[in-house]
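Under UniProt numbering, the first residue of the sequence shown is numbered 1, with each subsequent residue one higher. A quick write-up on the structure given underneath.
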Amino acid sequence: MTFFSQTVAQRTSSGQRQSVEEGNYVGHVYTRSEGISGVLITDKQYPVRPAYTLLNKVLEEYISLHPPSQWNTATQSGPSLQFDELENYIKKYQDPAQADSIMKVQQELDETKIVLQKSIEGVLERGERLDTLVEKSEVLSASSRTFYKQAKKTNSCCIIM
């Protein structure tokens, strides 16, 4: 993973973002104009927007804690520039729907859409049932008229003296 992250980060131009698939995983990379890169490796199902939102937040906060003069001179073997908040960000972004407000709203809209579709289907079914009742009522009314006419004819034939 380290080699993959380093390679993808080196091949991403300054100020650019890109996602690279490798097997069942996707490496999301964001290289800022300051020359620092962030790489987030997720499974293929993880949405892109929260991944880049996380990278942007982490890089911004990291730069605010450690100015470029510190991380430009840092080496792998030298003292590391700690970023303790990273673990909290990772925990928060485990569920992208909770971390990304736009995604959360989209999820709520999808749920509302499903409820509305079911309601509309129910109304349409009731409408169809009403149409069926109207048709049956018309048939019954026609049958009643026919019965009335036949009863009238039958009664007219019978004269009581």
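A virtual CB, placed ideally from N, CA and C, is assigned to each residue, including glycine.
Does residue i come out as helix, strand or coil in the three-state DSSP assignment?
i	result
residue 11	coil
residue 121	helix
residue 31	strand
residue 70	helix
residue 83	coil
residue 110	helix
residue 98	helix
residue 190	Residue numbering for the chain in the displayed model covers 1 to 161; residue 190 lies beyond these limits and cannot be assessed.
residue 1	coil
Hey, quick one: how far does the alpha helix (DSSP H) through residue i stretch, first residue to last?
i	result
residue 93	Careful: residue 93 lies outside any alpha helix (DSSP H) and carries neither H nor E.
residue 62	48-65
Using the rule of at least 16 other Cβ atoms within 10 Å of the residue's Cβ for burial, across every protein chain shown, is residue i buried or exposed?
i	result
residue 58	buried
residue 130	exposed
residue 31	buried
residue 51	buried
residue 148	exposed
residue 14	exposed
residue 100	buried
residue 38	buried
residue 55	buried
residue 139	exposed
The beta strand (DSSP E) with residue i in it runs from where to where?
i	result
residue 41	37-43
Can you check DSSP and say which residues form a bridge with residue i?
i	result
residue 26	21, 42
Since residue i contacts residue j with CB under 8 Å, what's their CB separation in whole angstroms?
i	j	result
residue 103	residue 47	6 Å
residue 27	residue 5	7 Å
residue 42	residue 62	That pair is no contact at about 19 Å.
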